[in-house]
Each structure stands twice: as structure tokens, then as C-alpha cells.
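For the record, the sequence lines run as chains A and B. Per this note's numbering: the first sequence ends with 385, consecutive numbering throughout. Per this note's numbering: the second sequence ends with 1385, consecutive numbering throughout. The beta-carbon is built from N, C-alpha and C at its ideal position, and this holds for glycine as well. Quick caveat: nothing in here was measured; it's all calculated off a predicted structure. Just below is one structure, and these are the notes that go with it.
2 protein chains.
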Amino acid sequence: MLMGRVAIIGAGMTKFGQLWNQGLVELAVEANMKAIEDSGLDRKQIEALYIGNMSSGLFTRQEHISSLIADSSGLAPIPSTRVEAACASGAVSLRQAYLAVKSGMYDAVIAAGVEKMTDVTSTMSTRILSTASSQDYEASIGATFPGLYAMIARMHMHRFSTSEEQLAMVAVKNHRNALNNPYAHLRKSIKVDDVMNSAKVADPIKLLDCAPISDGAAAVVIASEELARKACDTPVWIEASAQASDSISLHNREDLVSLKASAVAGREAFRQARSSIRDIDCLELHDCFTIAEVLALEDLGFVEKGKGGKLVEEGLTEIGAKIPVNPSGGLKAKGHPIGASGIAQAIEATMQLRGDAFNNTNSQRILTHNVGGSGATAVVHIFGR
Amino acid sequence: MLMGRVAIIGAGMTKFGQLWNQGLVELAVEANMKAIEDSGLDRKQIEALYIGNMSSGLFTRQEHISSLIADSSGLAPIPSTRVEAACASGAVSLRQAYLAVKSGMYDAVIAAGVEKMTDVTSTMSTRILSTASSQDYEASIGATFPGLYAMIARMHMHRFSTSEEQLAMVAVKNHRNALNNPYAHLRKSIKVDDVMNSAKVADPIKLLDCAPISDGAAAVVIASEELARKACDTPVWIEASAQASDSISLHNREDLVSLKASAVAGREAFRQARSSIRDIDCLELHDCFTIAEVLALEDLGFVEKGKGGKLVEEGLTEIGAKIPVNPSGGLKAKGHPIGASGIAQAIEATMQLRGDAFNNTNSQRILTHNVGGSGATAVVHIFGR
Chain A
1 MLMGRVAIIG
11 AGMTKFGQLW
21 NQGLVELAVE
31 ANMKAIEDSG
41 LDRKQIEALY
51 IGNMSSGLFT
61 RQEHISSLIA
71 DSSGLAPIPS
81 TRVEAACASG
91 AVSLRQAYLA
101 VKSGMYDAVI
111 AAGVEKMTDV
121 TSTMSTRILS
131 TASSQDYEAS
141 IGATFPGLYA
151 MIARMHMHRF
161 STSEEQLAMV
171 AVKNHRNALN
181 NPYAHLRKSI
191 KVDDVMNSAK
201 VADPIKLLDC
211 APISDGAAAV
221 VIASEELARK
231 ACDTPVWIEA
241 SAQASDSISL
251 HNREDLVSLK
261 ASAVAGREAF
271 RQARSSIRDI
281 DCLELHDCFT
291 IAEVLALEDL
301 GFVEKGKGGK
311 LVEEGLTEIG
321 AKIPVNPSGG
331 LKAKGHPIGA
341 SGIAQAIEAT
351 MQLRGDAFNN
361 TNSQRILTHN
371 VGGSGATAVV
381 HIFGR
Chain B
1001 MLMGRVAIIG
1011 AGMTKFGQLW
1021 NQGLVELAVE
1031 ANMKAIEDSG
1041 LDRKQIEALY
1051 IGNMSSGLFT
1061 RQEHISSLIA
1071 DSSGLAPIPS
1081 TRVEAACASG
1091 AVSLRQAYLA
1101 VKSGMYDAVI
1111 AAGVEKMTDV
1121 TSTMSTRILS
1131 TASSQDYEAS
1141 IGATFPGLYA
1151 MIARMHMHRF
1161 STSEEQLAMV
1171 AVKNHRNALN
1181 NPYAHLRKSI
1191 KVDDVMNSAK
1201 VADPIKLLDC
1211 APISDGAAAV
1221 VIASEELARK
1231 ACDTPVWIEA
1241 SAQASDSISL
1251 HNREDLVSLK
1261 ASAVAGREAF
1271 RQARSSIRDI
1281 DCLELHDCFT
1291 IAEVLALEDL
1301 GFVEKGKGGK
1311 LVEEGLTEIG
1321 AKIPVNPSGG
1331 LKAKGHPIGA
1341 SGIAQAIEAT
1351 MQLRGDAFNN
1361 TNSQRILTHN
1371 VGGSGATAVV
1381 HIFGR
């Protein structure tokens, strides 16, 4: 038996990018303050805080950021908890906040996410990110995330004749979508040739197939049905919150070209929302690399396995087409401050459903999809208005 | 409105100590398997996993341990989430599992905790632990946790005439209690003179005032009321689960000798359980340093502020006396593998209430208290049978 519904009633985020004038705590505080202001609630009404963050310990030598952020946001002594599932930390934060409200313990909770990544060199950043893969079987022998996703992409190309150009089109679309998004890290129009000619990172993945390394924070205020109806004219209902796990390393997977955790979480989300792909108008997918958006389209059932590249090539994932994907610009162009990404997806869904998104898709129901590592964690949320 | 009750129906832990033949994942898997076996459930009945861990990133260069541990425990594809609040990570894990069951989403969830600390030098370990304090105002200028608690102890001694001998008696008691606990890291009888003559770490804190640096893991299976009654003859009910935050650094606190977060969480726990200190028969308190046990007794209201040292000196916290404290041996002697400690406290409470503890206290109701850092997080649970 599940209790009353849960809604997002406020949202706020920092710009994503290389933000050298703000530290991790300042970023999180800015997002929290904006989310509270947007909700119309008084700060004293916030009863708990969740913060998604992958690795403040390795990036900034500061653990225990939950208390630091709560206190600096003027929210102490409320319970404040960090949650981590690598690049899915943001969506996992949203999920814990959702469950906490669902439990009846709280009426108003902040789900936030933050990552401060650019205070270390990019080599160091790549090493830190590799701690989300298996140290024993992957990172320790030199595998990086571009390398892991390159193996997946190569296999996808081999089995389904997916082309590098099709992957490049994911980047072109997401960069185009980000042009209107003032919060985006990369607001620069690119062409397929630009992607094809960009530096090879791990063949077939090139520089412009990769999401950037970003700083940023994002926060949403979520509320019980009773409070949401009282405090907010346009609550965005969380219709499903599903999460799944899988083997952390590629060699243990049943199939290299399918993220099983995405498929499991997707099915569970549709079960919870009592809906199907036909009810979804728009997607925010985890496009840390262009191949990842293709995988997600397939694993969530929006297109048959192997046909994701073709779907993109046919323009069906553009705004205004069959199923708009990543109208925000996605991780690829909006930026990917790890812990914040899952929350930023929820914010895009919120803006779309309120009708005040930068690229409006006139959606009634939106699905967001956040992945940890190379697929060992996947989280799917469905939002409706 | 809160839904049905939630119970612990299974518990398992590894030995605590320098466990050089087991890695982080192996430790967590051992605890999970023991907890599931103890619960009598089939592994397939476990629907979600929470894992408390402070800093696998800095200790072992492995983040994203949630998926690794779920998969290695044969539990994938269930949702698996790491939670962190420094040394309170274990109790925070229990709390999320509690809320997840309370939400109605799940009937059976594992709350686990693990830390692998002895694969680095003790100097490195001290530095890693300092990431639970403020980098900006404490760690960066050389403050370590013994140093921070030494300042608190010095002030407590100055204001209340608490003596070093009284603090030493906390260690003597907890070492004595650990003698019967086969899972304890330090099973060695000590005398007040041993503590007084042990090496000074940060005056007035001496080596034997400190909890050891330990490896270890602990796990409990928690269940909805319906499942608990069906699956278990001796469910241990979670009557309260409360958490609070405070300033991370000492200089921002209103009072150096009181952990406000402990007081706030304690009051909230008694409110939830509709009980008071008079209903509590036994305590597992966060004694990372001997002064911490004294602070906790005071902050939770079991003795007036400033009189904790005297309470210990009078023997009132011994097993069989007025209010037994840390019958397990506490962090001080049982060991303190950071992320596991809060769960191990819940396991001691479970064993006490089932009547199969190593030092039986014939308790009806037990309070556990887990602290993060120097008090920026505090978590209080109350268990009953």
C-alpha cells in the first residue's frame, strides 16, 4: 500500500560550467535557496535535506558535506544526508526524498545534487571518475569511462551497423537544444563534421561525443500531496521512482550493448505509474556519451534494440518530432556535474510540465533516466502534471 | 500520519579488527549473507539495499560500492544506495531503510554499513578521517579528530571539574564489556592507570581514550510489520528514528561542551517513540573518544550537563547498574569501522532485546546514538520488543 502522492513544488539550479568563483558548498547553497524561493515555502518549513554527490572526498577532500550544506543553507538542525551512486547520485537523492515524504515522516524535503569537478586537473578528474567503475577489473588496468563506453559503442556499431555519424547526431541535437538554455555549460552550435573531426578520446568516441566535466548544483523541493495542493498552483507529480543495480564491470554483463539496470528500472517505473511508452511525451536521458543516449532509447523500450541510431538519424528525437530527447541539452551540452545531473533532469521535467521550459515540448508526461558508472546503477522517474 | 511499524528481523556482522584477508566488498557480503540467513528470508525476498560508508573513495579508491556490494551479494538488480554522514553513516543507512519500508514501497530491506580502513597507513587514515571535519577551518590548519575532541574534553574539565580519571573509566568499562564479545576488535582488560599512562595523542586524550581504527561490516534485515510478524518470532521494533545536523566546525557552535545535534535528535526520538529516558533500559552511545560517551549521556538527558563524568565514576553505567552503557564494548573496544558502527549498535540492541547478547542486560527498550564528525550529524534510534 502506498500513501498519497508526492510532488515537486520548487526548483533551482546554478549555471553549469567551470565555476571557479564558487566552491562546492556555495554551489549547493545557491541551488537550495533558489529552490526554496521558487517553492514559495518558508525556509523553516523544510524538514529534511538529501544531497547527491559522487566524490567530494576525492575532488575536494571534504566528506560529510550533508551537514556543511544544511548548515550553510540555514537549514540546520534538520536531518541532512548524502547519497551516492556515482553519476546517478542526483536521481538517487530525489528518490530518497520521495520515499521520505511517502513514508509520512515529512511534508517538505529538499532533494539536491552537487559536484565540484574543475578544481583538479582533467587527468585527475578522469581518474576520480574511474572510481565509479571496478577498481579491480577496470580502472586498475587503465580503463577510463570513455574507454568503457567506446567498447560498448564499438560492439553496437559491429552488431547493428550503427554509424559514428548517427552518434554524432546525438551531440548535434543536444548542442542545438542547449542554445536556448542559459544554465548550460556548452552553448555552441556544432555540426556532424565538427564531431567527426574532433580529437579521438577512445575510438570511436571523440571529444564532441563526450559530456563535459562541469561544476554545478541543482535542487528541488518536494512535498506531500496535501502541502503541494496548498502551496503550489502547478505541482509536478512524481508518478514513478524506480532504481536498479547491475554488475559494475562490463565483463560480467550478459550483453555489452544493453544496460540491464536501465531496462529493469524502466519496467518498474512504468509499473508504478501504470503507464507505458505511449504515455510519455518527452525524455531526459543520461547521455554522458552519445552512445549512452542510443542505449537508453533502446533499453527503455522507445525503439527496438539496435535501431536507436536510426531513430536519431531520422530526426525523431528532435524537439517537435515523435519523442523529443534532452530538450535541456542533456548531460552532453547542458553539462554533467555528476551529483547534480539527476536533479537537473527533474528540473527540466518540472519546467516542461509547468510550461516554462526554454524549449517547450507541450508535454503531459516526462520520463527521466540517470545512470551510474557504465550502467551498474540506473534510476528512472516519471513525472506528470 | 505514519504507517505500520517496522522491525529488525535479522542481523549479521563480521569480526571488527585489522582484517587484512578481506576487502571492503568481501566484508559487506559476509555481513549481508549472515543477516539474510539470520532473518530466515530467502535472498530473493530482499527488495532494496542501503550501505553506510564514509569514504571508500579515499580509503580504497572505489566509489559506487552500492552496486558492487549488491551484485557481489547476489542481490542485483535490486536498488542499492550508499549513504554517508561521516561516522554516522551506519545509522543513516538504517534510517533510509526504515523510511523506505515505512513508505510502503518495500517489505524487506537490508541496512548495512562497512569500512575498510587498515589498507592505508595510520597517518593517512587520520587524514582521511579529518575530511569529516571542516577542510576550510579545521583540517587544513592541522586539526585532527583527537585534537577536536581534546578541545571539547579540556573545556568540559575546565567547566565541570571532569577528571582524566573519570574519562579513563569509560575506556575501562567498555574494554571490560568487550571481553565477552567475540566480534570485538580490542578484547583486552585495562585499568585506569593503563589509560592514564598510555601515550598522549592530543592532551588530555591519550591512546586508550580513543576508539581503534578498524575494518568491518554489519547488516540488518528490516521488514514491514506484516512480514515481520510472519517471518520472525522475535521482531525488534524500531520505535524511533531521528536525525539532526549542526555546524561542522567547533568554532561555530553555541557551546563547545554540548553536541546540539545529539540533543535535537534525542528529543525527536523520544517524541516519535512517545517515551522518555525513564523508559530506556540500556544505551549504545557513540564513544569514539571517552569524552564523547560523557557528552552523549548529558546531551540525551540521562544526566545533567557536567555530571556525566561523575555518573561514570559512580559505576552507574556498568552492566547491572542504573543505566548500562555500551554493553557491546562500544566503539572504544568493539572497534569503529566508521560506516559499520551505527549498524553494529542496532545489532547489539537487537541481541539485547532478543535476549541473546554476550552481556545480557534484560532490557525492554534500548536507545542507540551515532555521531558524525565532531557532532555535525547525530542519529538516535529507539528499539523495543
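Distance between residue j and residue i (C-alpha atoms, nearest Å)
i	j	result
Asp-1246 of chain B	Val-1380 of chain B	15 Å
Ser-1133 of chain B	Phe-1145 of chain B	8 Å
Ser-1093 of chain B	Glu-284 of chain A	29 Å
Glu-115 of chain A	Ser-55 of chain A	8 Å
Ala-1035 of chain B	His-1286 of chain B	23 Å
Phe-1270 of chain B	Ile-141 of chain A	52 Å
Pro-337 of chain A	Glu-1138 of chain B	27 Å
Met-151 of chain A	Met-157 of chain A	10 Å
Pro-204 of chain A	Leu-256 of chain A	16 Å
Lys-305 of chain A	Glu-268 of chain A	19 Å
Lys-1332 of chain B	Pro-1212 of chain B	7 Å
Ser-1073 of chain B	Glu-348 of chain A	36 Å
Thr-81 of chain A	Ser-275 of chain A	32 Å
Ser-1368 of chain B	Gly-320 of chain A	Position check: residue 1368 of chain B holds Thr in this sequence, whereas Ser was assumed. Near 56 Å, if we compare the C-alpha coordinates of Gly-320 of chain A and Thr-1368 of chain B.
Asn-1180 of chain B	Lys-1334 of chain B	10 Å
Leu-68 of chain A	Val-303 of chain A	44 Å
Met-1155 of chain B	Leu-1129 of chain B	23 Å
Helix, strand or coil at residue i [DSSP, three-state]
i	result
Gln-1243 of chain B	strand
Leu-1002 of chain B	For Leu-1002 of chain B, the predicted structure reports a pLDDT of 44, less than 50, and the residue's modelled location is therefore unreliable. The matter cannot be settled from this model.
Glu-1284 of chain B	strand
Thr-1377 of chain B	strand
Ser-1363 of chain B	coil
Phe-59 of chain A	helix
Asp-1042 of chain B	coil
Ile-1338 of chain B	helix
His-1369 of chain B	strand
Glu-26 of chain A	helix
For residue i, the first and last residue of its enclosing alpha helix (DSSP H)
i	result
His-158 of chain A	145-160
Val-294 of chain A	290-299
Thr-123 of chain A	122-129
Ser-224 of chain A	Not the alpha helix (DSSP H): Ser-224 of chain A falls in the beta strand (DSSP E), residues 216-224.
Beta carbon proximity, residue i to chain B, threshold 8 Å
i	result
Val-380 of chain A	no
Gln-45 of chain A	no
Leu-58 of chain A	yes
Thr-131 of chain A	yes
Met-124 of chain A	no
Gly-373 of chain A	yes
Met-54 of chain A	yes
Val-109 of chain A	no
Lys-305 of chain A	no
Val-29 of chain A	no
Arg-274 of chain A	no
Met-1 of chain A	With a pLDDT of only 37 at Met-1 of chain A, under 50, the local geometry of the prediction cannot be trusted, and the value read off the model is given with reservation. It does: the Cβ of Met-1 of chain A has a partner Cβ on chain B nearer than 8 Å.
Proximity test, residue i beta-carbon vs the ligand MG heavy atom, cut-off 7 Å
i	result
Gly-1315 of chain B	Summarising the ligand content, the structure contains no ligands, and the ligand MG is consequently not present.
Min CB distance residue i to chain A below 8 Å
i	result
Asp-1071 of chain B	yes
Leu-1099 of chain B	yes
Pro-1077 of chain B	yes
Glu-1063 of chain B	yes
Gly-1320 of chain B	no
Ser-1214 of chain B	no
Gly-1104 of chain B	yes
Gln-1166 of chain B	no
Residue i: first and last residue of the uninterrupted beta strand (DSSP E) it sits in
i	result
Lys-1332 of chain B	No beta strand (DSSP E) contains Lys-1332 of chain B, which is instead part of the alpha helix (DSSP H) from 1330-1334.
Ile-51 of chain A	48-52
Ile-69 of chain A	Counting along the chain, Ile-69 of chain A falls outside any beta strand (DSSP E), though it belongs to the alpha helix (DSSP H) covering 65-72.
Glu-1084 of chain B	1080-1084
*Touch check for the stretch 1082-1102 of chain B and the stretch 1184-1197 of chain B: three-plus C-beta pairs under 8 Å?*
no
*Is it a yes or a no for the stretch 348-365 of chain A touching the stretch 1002-1015 of chain B, going by three-plus beta-carbon pairs under 8 Å?*
no
*Do the stretch 1163-1177 of chain B and the stretch 1121-1130 of chain B make contact, defined as three or more Cβ pairs closer than 8 Å?*
no
*Can at least three beta-carbon pairs, one atom from the stretch 1328-1347 of chain B and one from the stretch 1253-1266 of chain B, be found at a separation below 8 Å?*
As far as the Cβ criterion goes, the stretch 1328-1347 of chain B does not touch the stretch 1253-1266 of chain B, which means the pair count is below three.
*Specify whether the stretch 1320-1331 of chain B and the stretch 1036-1049 of chain B touch according to this definition: at least 3 beta carbon pairs, one from each stretch, less than 8 Å apart.*
no
_Between the stretch 101-114 of chain A and the stretch 210-229 of chain A, can you find at least three pairs of beta-carbon atoms closer than 8 Å?_
Cβ pair count under 8 Å is three or more, so yes.
_contact_flag[the stretch 61-76 of chain A, the stretch 18-26 of chain A] where n(CB pairs < 8 Å) is 3 or more_ = yes
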